[in-house]
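To start, the structure itself, in structure tokens.
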Amino acid sequence: MPVNEEFKPTIVAFCCNWCSYAGADLSGTNRLQYPANVKIIRIPCSCRLNPMFVLRAFQRGADGVILCGCHPGDCHYTTGNYYARRRMTLLFSMLDFLGIERERTRVEWVSAAEGAKFAATMNDFSATIHKLGPNRRLEDLRCRKD
Amino acid sequence: MQRVGVFVCWCGSNIAATVDVEKVAEVLAKEPGVVFSTNYQYMCSQAGQEMIQESIAKYNLTGVVICSCSPRMHENTFRKTCEKAGLNPYMVEIANIREQCSWIHKDKETATEKAVILGRAAIAKVHLNAPLTSGTSPVKKRALVIGGGIAGIQTALDIADAGFDVDIVEKEPTIGGKMTQIDKTFPTLDCAACILTPKMVDAAQNEKIHIYSYSEVSSVKGFVGNFKVTIKKKARYVDETKCTGCGLCTEKCPQKKVPNAFNLGLDNRRAIYIPFAQAVPKVATIDADYCTMLKSGKCGVCSKVCTAGAIDYTQKDAFIEQEYGAIVVATGFNPIKLDQYDEFAYSQSPDVVTSLEFERLMNAAGPTGGTLLRPSDGQHPHTIVFVQCVGSRCDDSKGKPYCSKICCMYTAKHAMLCREKYPDTDVYVFYIDVRTPGKNFDEFYRRAVEEYGVHYVKGMVGKVVPENGKLKVQASDLIGNQQLHIDADMVVLAAAIEPDKSARPLATMLTASMDTNDFFTEAHPKLRPVESPTAGIFLSGACQGPKDIPETVAQASAAAAKVIGLLNKDHLVCNPCTAQPDELMCNGCSSCEKVCPYGAITYVDKEFRGPNRTTLLRRVAQVNPAVCQGCGACTVACPSGAMDLKGFSNKQIMAEVDAICR
Amino acid sequence: MIDTIKRISGVNPRKCMKCGKCTASCPAFERMQFHPHQFVDMVENGRIHELMNSEGIDFCLSCFACVERCPRNVEPAKVIEAVRLAVVRQQGGAHLTPDEIPALLDDELPQQAITAAFRKYRK
Amino acid sequence: MQERLKQKATQLLENGTVDRILGWKAGEFFYDLTPAVFTTKEQIEKDFVFNVFAGANLSKYLIAESRKGGKVAAFIKPCDSYSFQQLLKEHRIWRDNVYVVGVQCDGMCDAAKLGDGVLSVKEEGENLIVDTLYGEKTVLKADAIADRCASCKSKKIVIFDELIGEQGEETENDRFGEIARLEAMSPEERFEFWRGELSRCIRCNACRNVCPACSCEKCVFDNANSGVRNKAAADSFEENMFHIIRAFHVTGRCTDCGECSRVCPQNIPLHLLNRKMIKDINELYGPYQAGADMDTKPPLTNFTVDDCEPSIVHERGGQ
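Chain order of the listed sequences is Z, L, G and A. Using the numbering used here, you'd call the opening residue of the first sequence number 284 and step up by one each time. Using the numbering used here, you'd call the opening residue of the second sequence number -17 and step up by one each time. Using the numbering used here, you'd call the opening residue of the third sequence number 53 and step up by one each time. Using the numbering used here, you'd call the opening residue of the fourth sequence number 18 and step up by one each time.
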């Protein structure tokens, strides 16, 4: 990566297979643009997101991590996103408590029909991360790219 | 390390227009483990698939990465392709470079760069994939229907009709449920008994159907295709095989002061009883709470008069174990208790009745022989006030938040029947909204107003005060902007309906989910309305939500169709992406079990080798792969990381993270 | 104004399903120009001045029958009370604005009087 | 107190109630009483110690002890009883093999508060008689009480077979005051604060080894498959990661016994991380005390449909 190039954040989006991944597909089908630095990882359900994955992403150089799942009450597995909601709330709170920018983490509920919401969310999140600049507080120096 | 083949699809110009597919294939070819990398116009075409299959053989591929459209589109196609070429279908990973790349980006360089990264993530994942095989589990070709009302009967008849054995478990001494207590049915006004009792007889005579009356489900184990159920047959103190249903005992029993539950306590019956003339099975039952013989050991009249020798005072509850492939819940509803609504004076005056009680008062087989008489003095009522939405559509603290759905129609029916039989009565119906969305429903309601002259008043009754043999009703007429004061002879309350009390413990046994109102939840509100999210559990009738008879029967048959579909299979193919605990690391702490929505996790005490030739007994989790749906909730709840999900393992997901962040 | 009534009363009139049980329960029905359910409806629709100027708002006994009976916990009596309070608060509605002051000033007038008047009339 | 405990221990051994006693014995220094198992009257006579430095929480040792066959009696202080019950709830301790003797506790002392050159300490009523290199001095017990005991959450022994001393009640405390102070800081200040603390971590694993909630059969940090296997922190990320993951693993299970901070050789206030999670759980999902009972569902394996959204972290106070 050229040194002088503008900061291109790396954003990892974990999407549940049933709602949000389909919502992401729909925003593709509708040709709704969002930044290329958002990369999606498919997981079966939002409750599959282990907090360790979030840390891992930050360690390996992610500047923002977002979790997308079915709207509460619509989980394909009935209750998964309720557990994810609690777990992520507490994880984000702990990261915030450690002084890590709370804006780097987010949870958004995106249904399979909300392609537009998916794209809008990613645009907004990407802009937020862009403003924050590179993740420095929770990075592993050995994985630093620049 | 796998030998990976990478196949980049152009999707015509869908991908190739914005992604430099050749470059992607070229760059990915340099990834570790990639032994072959190519691109092609349409991977999903016959030619494309053949190319994949040939490459698997030629390069001895153990993993395949396809950079193409969304896996939701063609993952299964490519899995089958590879399976035909002898590769395990779960050794295929898709990199979504169409919906999530070429279609959302315009700049070719950016899109190409992203496609490469998505490809890398898929390659990283496929290196950690393991061949998975779907297990199968046999299906027990027998169904259980819990609840013998119209829903349960219809479901059982339809399943039996398809040639499968069905058991009905009914907690009352007879099947038939609420419909047996109803007089006429809307919107056709045919008599409920005339259409129900033949079905009850059909069920009893069908050799595929076995009825466990006066019985309850006491435990459920197992999973879809293999439920093990214990049924408790409550002691009725009458040998069902001997009793002829002659009814002599029910006439001779000296204990005459037992409130008749069938008539909702409006009259009395004996301690030994047959609920009603058309009961199925037509067998007497002794009410142990009232029987003098059972309470004090003195009496024995029924035993003496019974010529069949069917009375058995020593009978005990019996437990029957049976195996089923599918379970249908048809536990139905009850009207709510009205203690909370004392403004309507329900507990103060016998002339304030619920709609179900009113059914009995109108019924030819009811306590008044079908003549409408006031319970207090046996006189004909001349002014009757109907109050709708009693306890329905309330704030949570004041009653049920939902609409009970059936009240508008049965109240119209009641009002109409009153006016038809007794044209001299004044009938008022106080409503908030009249809801009649059903075939011929609104026409029915309009007939009540236009032809029968029922006074429909938009408003609500504020209070009812019994005074000098009359019921002083104070109500609002919102359209007339006045307050009405009516001297009524009877007040009929359309009480909200709620799920039967037995439903909640049953749901726990079945690990089937319920909403906050104790209605069973369906697997999908639109697309899977008769299935519970728990595999093998189906829903029939009002246990799933308020329903009228036509809707109940429709759902009952729909549930039967689903059960037949399941029982027709000899084996169920299980989802291979299931959770798997590492017993060596499992703490046995039960965290995973608590979050499992399917009850797939159980625990066993197992011996492990400890240091110095000792053995250690440890509690460890076990996952039933036939039940697990692979959501992964347990994997994250597990504190020690002993639980992992096949196909989406911790390592696989982390490898994807690493590849993306690289 | 709607917000004021909502804030004073703590009532969300949108919860009302227009069943009229409040009005059916009201012992002061005859004396009131507008009835409990109308209060809720009119607050929702912003017709508050009509309510404030209506006859009989003081005839509400605050017996809370409507609150007790309301199936949706809307609490009409609190809305009526809030309207009464609104009436009380607007009394002496002669407002004093800062640009009116210069004209009113004269040398004799103590500074304190201006401050006091301002305090009293600015509400 | 020590004599009463010794008597009870001897009695339980002699009448055959149990065949082992879990208690404390003297450690290397006067202030580091060490958990120990006693099997004979003689051992008890000789080595059993209980005093104001018996802070060690014995509940964790019962995971192993309760599985060894035979029956073990353990002396459990109020805060240990929460840990004990939490472990029972997680099916870690075999209850049938444990005889719990509840011991009321007035708070343990912190040797660091006694000053330098301390040789030995004797209890005398409300005072401690401290023998130092520079002569004897008297210190009020209350002045030497450990911080975690000064903000004691409860004197209630939530589970026991027998009590020594009186049953206590949950106490009013301001244990979240420190958390609130940190919350009020700017993220930059908080980051600096924690960097300052966590960068001292030498990964000795004392916190992990002493923590009753950290009792996995195999720790994720020792497990190659977990993806976070890590023995020593190579840089700031790994210093943070260890403590974040550890705190998160015990979230909803930590009883706030404070052992982690007590044993930390670098004096890192690790309990603050756990307390932050407890405070959040209390505020967001309703009061919850791990180990207080056997039935309440742990907050992370429970939910309500109306739970707050994770964005609450962005919305609420702080800066």
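Using N, Cα and C, we set each Cβ at its ideal position, and we do this for glycine too.
Mapping DSSP to helix, strand and coil, what is residue i?
i, result
"L:Lys203", "strand"
"L:His553", "strand"
"L:Ser84", "helix"
"A:Trp41", "strand"
"Z:Gly311", "helix"
"L:Gln456", "strand"
"L:Asn78", "strand"
"L:His467", "strand"
"A:Asp49", "coil"
"A:Ser278", "helix"
"L:Cys389", "helix"
"Z:Trp392", "strand"
"A:Gly152", "strand"
So residue i packs on residue j, CB below 8 angstroms; how close in whole Å?
i, j, result
"L:Asp587", "L:Leu599", "5 angstroms"
"L:Gly(-13)", "L:Val17", "7 angstroms"
"A:Ala264", "Z:Met377", "6 angstroms"
"G:Gly98", "L:Leu460", "With a Cβ gap of about 20 angstroms, G:Gly98 and L:Leu460 do not count as contacting."
"L:Thr313", "L:Pro481", "7 angstroms"
"L:Asn70", "L:Leu43", "Not confirmed; about 11 angstroms, so no contact."
Using C-beta distances below 7 angstroms, list every residue in its chain close to residue i, excluding the 5 sequence neighbours before and after it, in chain order.
i, result
"L:Ile642", "Ile99, Ala103"
"L:Thr560", "Val605, Pro607, Cys610, Gly612, Lys628"
"A:Leu180", "Gly119, Ile174"
"L:Cys616", "Ala561, Cys574, Val577, Cys578, Ile583, Met625"
"L:Tyr392", "Phe168, Ser337"
"L:Glu402", "Tyr434"
"L:Thr59", "Cys26"
Excluding five sequence neighbours on each side, which residues of the same chain lie with their C-beta closer than 8 angstroms to the C-beta of residue i?
i, result
"L:Phe630", "Cys559, Gly612, Gly614"
"L:Ser514", "Val311, Leu492, Ala494, Ser495, Phe502, Thr503, Glu504, Ala505, Phe520, Leu521"
"G:Met104", "Val135, Ala138, Val139, Gln142"
"A:Pro282", "Ile219, Cys221, Ala223"
Residue i versus chain A: which residues are under 9 angstroms apart at the beta carbon?
i, result
"Z:Thr362", "Phe320"
Anything in chain G within Cβ reach of residue i, meaning under 7 angstroms, just list it in chain order.
i, result
"L:Val443", "Ala76"
Given that residue i touches chain Z, what residues does it touch there, using C-beta distances under 7 angstroms?
i, result
"A:Cys325", "Thr372"
"A:Asp252", "Asp423, Leu424, Arg425"
Which residues in the same chain have their Cβ closer than 6 angstroms to the Cβ of residue i, if we skip the five residues on either side of it in sequence?
i, result
"Z:Ile383", "Arg420, Leu421"
"L:Lys96", "Cys83"
"A:Lys154", "Val147"
Run down chain A in chain order and give the residues with a C-beta less than 7 angstroms from the C-beta of residue i.
i, result
"L:Pro621", "Cys233, His266"
Could you name the residues of chain A that residue i contacts, counting a contact when the two beta carbons are closer than 8 angstroms?
i, result
"Z:Ile515", "It is not possible to answer for residue 515 of chain Z, since the shown part of chain Z is limited to 284 through 429."
"L:Asn632", "Asn242, Ser243, Gly244"
Quick one: which chain Z residues come within Cβ less than 8 angstroms of residue i?
i, result
"A:Val258", "The identity of residue 258 of chain A in the sequence shown is Met, whereas the question assumes Val. By Cβ distance, chain Z contributes Leu338, Gln342."
"A:Cys199", "Per the sequence shown, residue 199 of chain A should be read as Leu rather than Cys. Within 8 angstroms Cβ-Cβ: Phe380."
Could you list which residues in chain L have their beta carbon closer than 9 angstroms to that of residue i, in chain order?
i, result
"A:Lys314", "Lys576"
Residues of the stretch 386 to 414 of chain Z whose Cβ lies closer than 8 angstroms to any Cβ of chain L, in chain order:
The residues in question are Ala402.
Just by C-beta distance, which residues in the stretch 271 to 305 of chain A are closer than 9 angstroms to chain Z?
For the stretch 271 to 305 of chain A, which is checked against every Cβ of chain Z, the residues closer than 9 angstroms are Leu289, Leu290, Lys293, Met294, Asp297, Ile298, Leu301, Tyr302.
Positions along the stretch 108 to 121 of chain A whose CB lies within less than 9 angstroms of some CB in chain L
With the criterion set as a beta carbon lying under 9 angstroms from some beta carbon of chain L, the members of the stretch 108 to 121 of chain A are His108, Arg109, Trp111, in sequence order.
Using a Cβ-Cβ cutoff of 9 angstroms, what residues of the stretch 29 to 46 of chain A are near chain Z? List them in chain order.
Against chain Z - using a Cβ distance shorter than 9 angstroms - the stretch 29 to 46 of chain A contributes no residues.
Short-range partners of chain G found in the stretch 386 to 417 of chain L, where Cβ spacing is below 7 angstroms:
So the close ones are Ile414.
Report the residues of the stretch 100 to 127 of chain G with a CB closer than 9 angstroms to any CB of chain L, ordered along the chain.
Along the stretch 100 to 127 of chain G, going in chain order, the ones with a CB nearer than 9 angstroms to a CB of chain L are Ala117, Cys118, Glu120, Arg121, Cys122, Pro123, Arg124, Asn125, Val126.
Contacting positions in the stretch 580 to 612 of chain L - beta carbon closer than 9 angstroms to chain Z:
Near chain Z, meaning a CB-to-CB distance below 9 angstroms, the residues of the stretch 580 to 612 of chain L are Tyr580, Gln611, Gly612.
Listed from N- to C-terminal order along the chain, which residues in the stretch 214 to 247 of chain A have their beta-carbon within a distance smaller than 7 angstroms of any beta-carbon of chain L?
Those would be Cys233, Glu234, Lys235, Val237, Asn240, Asn242, Ser243, Gly244, in chain order.
Going along the chain, which residues of the stretch 313 to 343 of chain L sit with their C-beta nearer than 7 angstroms to a C-beta in chain G?
Here the close residues are Glu325.
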